[in-house]
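K.L.:
Chains as they are written, first to last, in this note's numbering: chain A, 293 to 799; chain B, 195 to 306. My questions all concern the structure below.
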Amino acid sequence: MNHALILPILLPLLTGAGQLLFYRAPFALQRLLGFASTAWLVLMGIWALSTAGSGDYLIYQAGDWPAPFGIVLVLDRLAAIMLALTAILGFCCLLYASSGTDQRGAHFHALFQFQLAGLNGAFLTGDLFNLFVFFEILLIASYALLLHGGGRARSRAGLHYVIINLVGSALFLIALGTLYGLSGTLNMADLALRVAEAPPEDAPLLAAASLILLVVFGIKAAILPLLFWLPRAYSAASAPVAALFAIMTKVGIYAILRIFLLVFGLGETPVSETAWGWLWPLALLTLALGGIGVLGSDSLRTLTAYLVILSVGTLLATISLGTAASLGAALFYLIHSTLMAAVFFLLADLLGQQRETGYDRFSATGPIGHRWIMGTLFFVAAIAMAGLPPFAGFVSKAWILQASLESAQGLWLWGVVLASALLVIIAASRTGSSWFWRPGDMAKPYPLERGPLTLVSIMVGLNGLLAIFGDPVMGYLELTAEQLLAPGGYIAAVLPEAGISLEEVSP
Amino acid sequence: MELLYAITLGVLTTCGVYLLLRARTFTVILGLTLLSHAVNLYLFASGRLVAGAPAIVGLSQRSADPLPQALVLTAIVIGFAMTAFVVVLALKAAVELRNDHVDGENPEEDRA
């Protein structure tokens with residue numbers, strides 16, 4: 293058995309534990325350990341991408357207990373993409389944090405590693421209860437990271453964030469108890485088979501469990517009625533933490549994809565149909581609200597938080613169209629939007645530090661230092677974010693719109709996506725013109741921090757690279773979508789004895 | 195036994211949800227605790243309620259399902275840790291914001 297698959301979980305877990313044990317060691321050592329672990333995770337992510345790229349499933353049975361009795365870790369294309377994305381994002385955030393944010397509170401690096409361990413575990417696990425455990429790991433790390441740096445705003449936002457997520461955990465357990473009571477298993481592949489074979493009298497309970505799970509993942513992903521914790525929490529967090537949180541909503545999306553395409557996706561009338569029916573209108577409303585929120589926000593960080601909501605809406609609406617093309621397009625948009633949300637959170641900090649008054653609030657109209665450099669960076673980043681050529685946002689949006697043409701509902705998506713893109717452009721150009729397009733420089737600009745500036749430029753450049761290498765990336769994502777829509781392969785890999793026929797699902 | 199169990203669950207959940215919707219952090223935390231008790235009992239019941247059956251195969255005629263017990267144990271540990279965390283956080287917020295309202299500000303005090 294190849295033990296490499298458990299490394300993305302074990303490595304940050306052990307690194308974090310070590311950093312806690314030796315917290316008296318010089319700070320540079322803590323940083324170095326964090327960098328070494330995260331850089332190794334980036335390499336693991338690339339390894340995972342190339343391993344899963346063959347189309348095979350890599351299975352790791354913890355303790356060598358055969359599925360469905362033990363816990364399995366499963367690496368497929370989707371998990372590999374999420375692993376690589378998390379690692380790259382984590383590395384960028386860690387680099388940015390090393391410019392000083394990590395020293396504003398205790399144990400930043402240990403918490404960061406625990407957060408990565410929880411994220412990687414959630415992406416890899418093939419067991420529903422294990423998914424709950426990893427959710428809790430990543431959440432408790434995120435609670436502490438959110439509060440990193442202290443301050444009233446963070447305490448207030450933290451309280452809301454923690455309480456709503458604790459309610460979410462309780463709901464998660466209720467859904468798990470119901471599913472276990474009905475089927476007697478928690479292994480996702482096994483559960484998928486049992487759910488498909490369930491007698492019709494169990495159908496209402498199964499539907500209830502699936503909808504409770506949708507609520508839980510909806511809290512994580514921030515779907516419309518469950519998103520009001522997000523703007524305050526994300527705009528209160530320190531910049532590198534908020535940038536890392538860009539992946540947290542995507543964990544919810546990942547879980548929705550995994551659970552509703554695999555566990556509830558089989559059978560003649562899949563249980564997931566009810567959930568998809570709910571998702572489509574809610575996603576469109578989320579998208580619309582995101583657009584309005586972007587236009588109505590009072591600071592660049594709040595604006596970015598609404599951009600996150602907007603991206604969640606776009607993703608879920610595209611996913612619920614349910615074709616292979618739309619799923620691939622959604623995954624491309626997922627990569628792009630995660631990267632750009634992180635860029636904007638970092639940029640808000642970078643620009644805020646250069647402004648004379650008001651940090652990142654729009655109401656303050658003081659001059660800004662290093663106007664040309666900052667203005668150019670903001671201009672390019674805003675173009676990338678709004679989905680204008682030549683960046684990946686344009687490729688992903690064009691692909692989404694093209695894919696949505698195949699279904700009759702697609703026209704709704706066209707309208708909402710294009711309208712909210714317009715709102716984003718208006719909000720970004722308003723910000724840009726009020727901050728940069730005014731005569732007069734600051735008499736004494738604050739010193740320019742070259743490291744963070746270069747980092748953010750490189751991240752925008754990565755987005756450009758994603759567009760340049762769009763063709764191979766799209767090919768990979770199309771194969772990922774096909775793999776997701778044929779869960780028979782996953783089940784056959786986890787449970788070789790089950791011997792089921794490969795069948796396609798349609799959400 | 196089932197009826198008593200179900201009523202207990204119902205009462206715990208009702209009280210938990212009611213307290214959860216209050217405006218003070220202390221009652222909200224009490225509500226969360228009651229809710230997590232209810233959830234733990236519910237998880238336990240997902241392995242079916244049987245009396246006099248040990249969770250080890252072969253000791254008696256019938257044996258209880260050991261998995262829900264393991265799940266409950268995990269859930270209790272996690273729930274306990276989370277409650278401890280949220281209590282500390284609520285204290286921190288109460289000290290920093292000078293009140294224990296969940297929104298960090300008391301609308302009635304402002305009006306007075």
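Yeah, the Cβ is synthetic: ideal placement off N, Cα and C, and Gly gets one too. Values in this document were obtained by computation on a predicted structure and should not be read as measured data.
Considering only their Cβ atoms, is the gap separating T630(A) from I601(A) smaller than 8 Å?
P.N.:
At a Cβ-Cβ threshold of 8 Å, I601(A) and T630(A) do not count as neighbours.
K.L.:
Is the Cβ of A462(A) closer than 8 Å to any Cβ of chain B?
P.N.:
yes
K.L.:
Report the neighbours of A316(B) on chain A: residues whose CB is nearer than 7 Å to its CB, in chain order.
P.N.:
Chain B is shown from 195 up to 306; residue 316(B) falls before or after that span and cannot be answered.
K.L.:
In chain A, what lies closer than 7 Å to E290(B) by C-beta?
P.N.:
R444, S447
K.L.:
Per DSSP, what kind of secondary structure is V233(B) in: helix, strand or coil?
P.N.:
helix
K.L.:
Would you mind sorting L206(B) into buried or exposed? The rule is 16 or more other CB atoms within 10 Å of its CB.
P.N.:
buried
K.L.:
Got a sec, what are the start and stop residues for the beta strand (DSSP E) Y352(A) sits in?
P.N.:
350 to 353
K.L.:
Can you tell which of L387(A), L381(A), L370(A), I373(A) has the C-alpha that lies nearest to the C-alpha of R742(A)?
P.N.:
L387(A)
K.L.:
Identify every run of the alpha helix (DSSP H) within the region 572 to 660 of chain A, keeping only runs that are complete inside it and at least 4 residues long; order them along the chain.
P.N.:
592 to 611, 616 to 646
K.L.:
Cα separation between S793(A) and G780(A)?
P.N.:
Reliability fails at S793(A), whose pLDDT of 49 lies under 50, so the model's placement of it is uncertain and no value is given.
K.L.:
Under 8 Å between C-beta atoms, does I201(B) make it to chain A?
P.N.:
no
K.L.:
Report the residue from A674(A), D590(A), W691(A) whose alpha carbon sits nearest the alpha carbon of L626(A).
P.N.:
Minimum Cα distance to L626(A) is reached at W691(A).
K.L.:
Straight-line CA distance for T566(A) to V334(A)?
P.N.:
38 Å
K.L.:
Determine the burial state of T202(B): buried for a count of at least 16 other Cβ atoms within 10 Å of its Cβ, exposed for fewer.
P.N.:
The residue in question, T202(B), is exposed, as its Cβ has fewer than 16 Cβ neighbours within 10 Å.
K.L.:
Using a Cβ-Cβ cut-off of 6 Å (strictly less than) and excluding sequence neighbours within five positions of S603(A), which residues of its own chain qualify?
P.N.:
Cβ neighbours of S603(A) beyond the five flanking positions: S629.
K.L.:
Straight-line CA distance for G310(A) to T378(A)?
P.N.:
21 Å
K.L.:
What residues from chain B crowd round G473(A), counting only those whose CB sits closer than 7 Å?
P.N.:
S240
K.L.:
Could you tell me the distance, in whole angstroms, from the CA atom of F279(B) to the CA atom of P360(A)?
P.N.:
34 Å
K.L.:
Buried or exposed: which applies to A306(B), given that a residue is buried once 16 or more other Cβ atoms fall within 10 Å of its Cβ?
P.N.:
Because the pLDDT at A306(B) is just 49, under 50, the model does not fix this residue reliably, and the point stays unresolved.
K.L.:
Please list the residues of the region 413 to 432 of chain A that have a C-beta atom closer than 7 Å to any C-beta atom in chain B, keeping them in chain order.
P.N.:
Considering only beta carbons, the part of the region 413 to 432 of chain A lying closer than 7 Å to chain B consists of F421, V425, E428, I432, in chain order.
K.L.:
If you measure from the beta carbon of T208(B) to each beta carbon in chain A, is any gap under 8 Å?
P.N.:
no
K.L.:
Could you work out which residue in L438(A), L439(A), L408(A), G442(A) is closest to F426(A) when comparing CA atoms only?
P.N.:
Nearest C-alpha to F426(A): L408(A).
K.L.:
Going by the beta-carbon positions, is the gap between L638(A) and V748(A) smaller than 8 Å?
P.N.:
Cβ atoms of L638(A) and V748(A): closer than 8 Å.
K.L.:
Determine contact between the region 481 to 493 of chain A and the region 506 to 526 of chain A, defined as no fewer than three beta-carbon pairs at a distance below 8 Å.
P.N.:
Three or more Cβ pairs closer than 8 Å define a contact, and the region 481 to 493 of chain A falls short of that threshold against the region 506 to 526 of chain A.
K.L.:
Verify whether the separation of the beta carbon atoms of T393(A) and S530(A) is less than 8 Å.
P.N.:
Yes, they are a contact pair.
K.L.:
In angstroms, rounded to a whole number, what distance separates the CA positions of W521(A) and N457(A)?
P.N.:
Just so you know, the alpha carbons of W521(A) and N457(A) end up roughly 10 Å apart.
K.L.:
What would DSSP say about H295(B), mapped onto helix, strand or coil?
P.N.:
strand
K.L.:
From which residue to which residue does the beta strand (DSSP E) around L367(A) run?
P.N.:
364 to 367
K.L.:
Rounding to the nearest angstrom, what Cα-Cα distance links V672(A) and T596(A) in this structure?
P.N.:
If you take the alpha carbons of V672(A) and T596(A), they lie about 16 Å apart.
K.L.:
The alpha helix (DSSP H) with W704(A) in it runs from where to where?
P.N.:
702 to 728
K.L.:
Could you tell me which residues DSSP puts in a beta bridge with R218(B)?
P.N.:
H295(B)
K.L.:
Express the C-alpha separation of I675(A) and L305(A) in angstroms, rounding to a whole number.
P.N.:
38 Å
K.L.:
Report the CB separation of T268(B) from L226(B) in whole angstroms; it is logged as a contact under 8 Å.
P.N.:
About 18 Å; that fails the 8 Å criterion.
K.L.:
Could you tell me the distance, in whole angstroms, from the CA atom of V533(A) to the CA atom of A617(A)?
P.N.:
Using only the alpha carbons, I get a separation of about 33 Å.
K.L.:
Between the region 678 to 698 of chain A and the region 707 to 723 of chain A, do at least 3 Cβ pairs fall closer than 8 Å?
P.N.:
The region 678 to 698 of chain A makes contact with the region 707 to 723 of chain A, as at least three CB pairs between them are under 8 Å.
K.L.:
Along chain A, which residues have their Cβ under 9 Å away from the Cβ of L214(B)?
P.N.:
Those are I455, V459, listed as they occur along chain A.
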